[in-house]
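In this note's numbering, the protein residues as written are 3 to 281.
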Ligand SMILES: NC(=O)c1ccc[n+]([C@@H]2O[C@H](COP(=O)([O-])OP(=O)(O)OC[C@H]3O[C@@H](n4cnc5c(N)ncnc54)[C@H](O)[C@@H]3O)[C@@H](O)[C@H]2O)c1
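In structure tokens form, the structure reads like this:
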């Protein structure tokens, strides 16, 4: 059981989408929240929207891809709120493409944010949570793309599988320290995630121009038809309180996981039937 009432939370990607919703719901449940994001204007709007006083909500500009930036943001959070209990390593970006066509600089960009951003959060905040002995909780945002890997989204899928595996390790490692771990694995949620790929290093098309593209508009409709991020954040809060590891959101997507495990089982059974290794 990880408490929320009276705790201090640090939420990355807090200026928009799921991060902003998690901040809103954590505040409602009696936590204080530090919003962290690289989007300074977005942070300003988010703090104004949450309309809390600075004793309960504050913000810090921070790029999660930079270990030093997270360390600095953590320091500012301790100075502001005294301590930290709950960390949502949530900031993330999207990147797809076909093999042989994805610039390596784009690969590094998404790995630095989606995977290393989580690593920087865990490495920075674990000792800070341990130091006060009151326990805490990490919420690492992965995706359904951390369990099933449709084609055309290789870089995104790879980072999200990594976040799932990393979170599974952390669960066992941090339990003795009274630090819970949850990995958020949503399907479509109505946020701005489909715009983030335009921030990749190799992109030359301004977002405003891309918005005219029918392919973008198709994706926009899919994302807008996704779940309400506040509803997802409510479920996240319940899962934190009950210390649940996997936070799924879409009943209809369970079939993808079942199919993956059926494939794994079939390939495993093939070596058992073959009898080649263990005899
Ligand atoms: N929306 C979905 O359908 C969906 C589904 C599965 C997983 N997710 C995951 O949810 C998380 C949150 O995304 P969202 O859907 O709320 O999208 P969003 O674009 O609305 O929010 C992402 C936020 O992260 C911030 N951010 C991006 N790179 C950053 C960096 N380097 N440092 C600090 N902040 C940075 C952005 O400025 C933005 O405020 C992501 O990890 C995403 O992969 C989203």
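Virtual Cβ for every residue (Gly too), placed ideally from N, Cα, C.
Since the model is a prediction, treat every value here as computed from it, not as a measurement.
Neighbour-count burial assignment, residue i, 16 or more Cβ in a 10 Å radius
{"i": "residue 289", "result": "Residue coverage of the chain in this structure runs from 3 to 281, which leaves residue 289 outside it and unanswerable."}
{"i": "residue 244", "result": "exposed"}
{"i": "residue 154", "result": "exposed"}
{"i": "residue 206", "result": "exposed"}
{"i": "residue 169", "result": "buried"}
{"i": "residue 215", "result": "exposed"}
{"i": "residue 277", "result": "exposed"}
{"i": "residue 203", "result": "exposed"}
{"i": "residue 227", "result": "exposed"}
{"i": "residue 158", "result": "buried"}
Distance between beta carbons of residue j and residue i, contact taken as under 8 Å
{"i": "residue 72", "j": "residue 126", "result": "5 Å"}
{"i": "residue 239", "j": "residue 27", "result": "5 Å"}
{"i": "residue 35", "j": "residue 13", "result": "6 Å"}
{"i": "residue 76", "j": "residue 130", "result": "6 Å"}
{"i": "residue 122", "j": "residue 80", "result": "Incorrect: roughly 16 Å between the Cβ atoms, too far for contact."}
{"i": "residue 120", "j": "residue 91", "result": "4 Å"}
Range covered by the beta strand (DSSP E) that runs through residue i
{"i": "residue 155", "result": "Run containing residue 155: none; DSSP gives neither H nor E here."}
{"i": "residue 90", "result": "88-91"}
{"i": "residue 38", "result": "34-39"}
{"i": "residue 138", "result": "138-143"}
{"i": "residue 187", "result": "181-187"}
{"i": "residue 249", "result": "248-250"}
{"i": "residue 62", "result": "59-63"}
Residue range of the unbroken alpha helix (DSSP H) whose run includes residue i
{"i": "residue 10", "result": "No alpha helix (DSSP H) contains residue 10, which is instead part of the beta strand (DSSP E) from 10-14."}
{"i": "residue 276", "result": "256-276"}
{"i": "residue 123", "result": "118-134"}
{"i": "residue 44", "result": "42-52"}
{"i": "residue 6", "result": "Premise fails: residue 6 is in no alpha helix (DSSP H) and is neither H nor E."}
{"i": "residue 113", "result": "Careful: residue 113 lies outside any alpha helix (DSSP H) and carries neither H nor E."}
{"i": "residue 100", "result": "Note, residue 100: premise wrong, no alpha helix (DSSP H); not H, not E."}
{"i": "residue 79", "result": "69-83"}
{"i": "residue 219", "result": "216-226"}
Close Cβ partners of residue i (< 6 Å) along its chain, the five nearest in sequence each way excluded
{"i": "residue 288", "result": "There is no way to answer for residue 288, as the model of the chain reaches only from 3 to 281."}
{"i": "residue 82", "result": "60"}
{"i": "residue 33", "result": "6, 9, 11"}
{"i": "residue 235", "result": "23, 24, 27"}
Sequence-distant residues of the same chain with beta carbon closer than 8 Å to residue i, five excluded per side
{"i": "residue 1", "result": "Residue 1 lies beyond the stretch modelled for the chain, which goes from 3 to 281, so this question has no answer here."}
{"i": "residue 242", "result": "4, 6, 88, 139, 141, 182, 184"}
{"i": "residue 29", "result": "35, 52, 54, 58, 59"}
Beta-carbon contacts of residue i that lie in its chain and below 7 Å, excluding the five residues immediately before and after
{"i": "residue 222", "result": "196"}
{"i": "residue 132", "result": "179"}
{"i": "residue 78", "result": "62"}
{"i": "residue 248", "result": "185, 187"}
Closer than 7 Å: residue i CB and nearest ligand 3 heavy atom
{"i": "residue 41", "result": "With respect to small molecules bound, the structure shown includes ligand 1 and not ligand 3."}
Cβ of residue i within 8 Å of any chain B Cβ
{"i": "residue 85", "result": "Note that chain B does not occur in the displayed structure, where there is just one protein chain."}
Do the stretch 37-57 and the stretch 94-103 meet, that is, are 3 or more Cβ pairs less than 8 Å apart? no
Evaluate contact between the stretch 81-91 and the stretch 101-108, counting only Cβ atoms and requiring at least three cross-stretch pairs below 8 Å. no
Below 8 Å, can you find three or more Cβ-Cβ pairs linking the stretch 143-154 to the stretch 220-235? no
Below 8 Å, can you find three or more Cβ-Cβ pairs linking the stretch 17-27 to the stretch 184-200? yes
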